[in-house]
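Asker: Have a look at this one.
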Amino acid sequence: MSGLNSRAGSQALLMAGLGLAFGGAALWAGLGEGSVALWGFGGACLLQVAPALSLRWRIAQGLGNSGLDRERRILRISSFLQRFLALGLAMASVSALLGERAPQTTSATQGAALLAVLAFAPLWFAKRSFGPAHPAFQQEADRSLLLLALAVLLLAATVLGRWFFWADAAAGLAQALGLFFAGQALAKATSLPAFRGGCGGSCSCG
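Structure (structure tokens):
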């Protein structure tokens, strides 16, 4: 399983790098342009950096029980922050809808959204094959799928926003819903046996 773990570790590191790059840029640009969907996507990306780095560290330690408590704490904090971000997104989206506010869609924003889709789609496709090997791998695949879905919503908002003022806010609401349920699922996952010292198929307990 060392080859699989090595590839999973590299992809976790890539996930952290993409989350940091897209997250920082999207959050900054979204707040500047007043795009709810853009800063929401940026915030979601940044929230995946710590879990990805934590997984990378556990893989380096052999995926045993070493560092399990730390990973559980990181994921619990992440689940709380995801739901908090979902609440903020929902409130900002409703405010934008009621005020009929829409960001000025630029070709750069649309290009960035397309680039995010093209980056996270193959990453998720590669990660999903690792899911059955260990619960932590499945969670990492789920996080990649979440960011891919949010990127697709952002891309749709940048395209439809040229004709419909509500496109960005509607995408923000959809993102909020996805983030909330993902946060709920993550909170439940941290109470499973795999996070109480249990093992997956590739675990080498120590």
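In terms of the numbering used here, the sequence shown opens at residue 4 and continues consecutively.
Cβ coordinates follow ideal geometry from the N, Cα and C atoms, glycine included.
Bear in mind the structure is a predicted one, so any value in this text is a computation, not a measurement.
If you draw a straight line from the alpha carbon of alanine 214 to that of arginine 61, how long is it in whole angstroms?
Answerer: Since the first residue shown for the chain is 4 and the last is 209, residue 214 is missing from the structure and cannot be characterised.
Asker: Could you give the residue range of the alpha helix (DSSP H) that holds alanine 105?
Answerer: It is not in any alpha helix (DSSP H) - alanine 105 carries neither H nor E in the DSSP assignment.
Asker: State the Cα-Cα distance for the pair phenylalanine 123 and glycine 33, rounded to the nearest angstrom.
Answerer: 19 Å
Asker: What first and last residue would you give for the alpha helix (DSSP H) that runs through phenylalanine 183?
Answerer: 170–192
Asker: Excluding sequence positions up to five away, which residues of its chain have a Cβ less than 8 Å from the Cβ of glutamine 113?
Answerer: Answer for glutamine 113: Leu158, Thr161, Val162, listed in chain order.
Asker: I need the straight-line Cα distance from alanine 47 to methionine 94, nearest angstrom please.
Answerer: Whole-angstrom Cα-Cα distance: 16 Å.
Asker: In terms of alpha-carbon separation, which member of Ala40, Thr193, Phe183, Asn8 lies closest to leucine 100?
Answerer: Ala40
Asker: Confirm, please, whether the CB-CB distance from arginine 165 to threonine 109 is below 8 Å.
Answerer: no
Asker: If I'm right that alanine 185 touches leucine 149 with Cβ under 8 Å, what's the distance once you round it to whole angstroms?
Answerer: 5 Å
Asker: Would you say glutamine 85 and leucine 151 are within 8 Å of each other, going by their C-beta atoms?
Answerer: Cβ atoms of glutamine 85 and leucine 151: not closer than 8 Å.
Asker: Using DSSP with H/G/I as helix, E/B as strand and the rest coil, what is serine 132?
Answerer: Per DSSP, reduced to three states, the secondary structure at serine 132 is coil, with no helix or strand assignment.
Asker: Since glutamine 14 and lysine 130 are thought to touch, with beta carbons under 8 Å apart, how far apart are those beta carbons, to the nearest angstrom?
Answerer: Right, their Cβ atoms sit about 6 Å apart.
Asker: Do alanine 174 and valine 120 come within 8 Å of each other at the CB atom, strictly closer than that value?
Answerer: The beta carbons of valine 120 and alanine 174 sit no closer together than 8 Å.
Asker: Considering only residues of the same chain and omitting the five flanking positions on each side of serine 57, which have a CB-CB separation below 6 Å?
Answerer: Cβ neighbours of serine 57 beyond the five flanking positions: Glu74, Ile77.
Asker: Give the DSSP-derived three-state secondary structure of glutamine 64 in the structure shown.
Answerer: coil
Asker: Could you give the distance in angstroms between the alpha-carbon of alanine 144 and the alpha-carbon of tryptophan 127?
Answerer: 6 Å
Asker: Which residues in the same chain as alanine 19 place their Cβ atom closer than 6 Å to its Cβ, once the five residues preceding and following it in sequence are excluded?
Answerer: Val52, Ala55, Leu56
Asker: What span of residues does the alpha helix (DSSP H) with glutamine 141 cover, start to end?
Answerer: 138–163
Asker: Expressed to the nearest angstrom, what Euclidean distance is found between the alpha-carbon atoms of asparagine 8 and alanine 105?
Answerer: 45 Å
Asker: Please work out which residues of its chain come closer than 7 Å, Cβ to Cβ, to tryptophan 42, disregarding the five sequence neighbours upstream and downstream, and give them in chain order.
Answerer: Ala29, Leu30, Gly33, Leu34
Asker: Classify phenylalanine 25 as helix, strand or coil using the three-state DSSP reduction.
Answerer: helix
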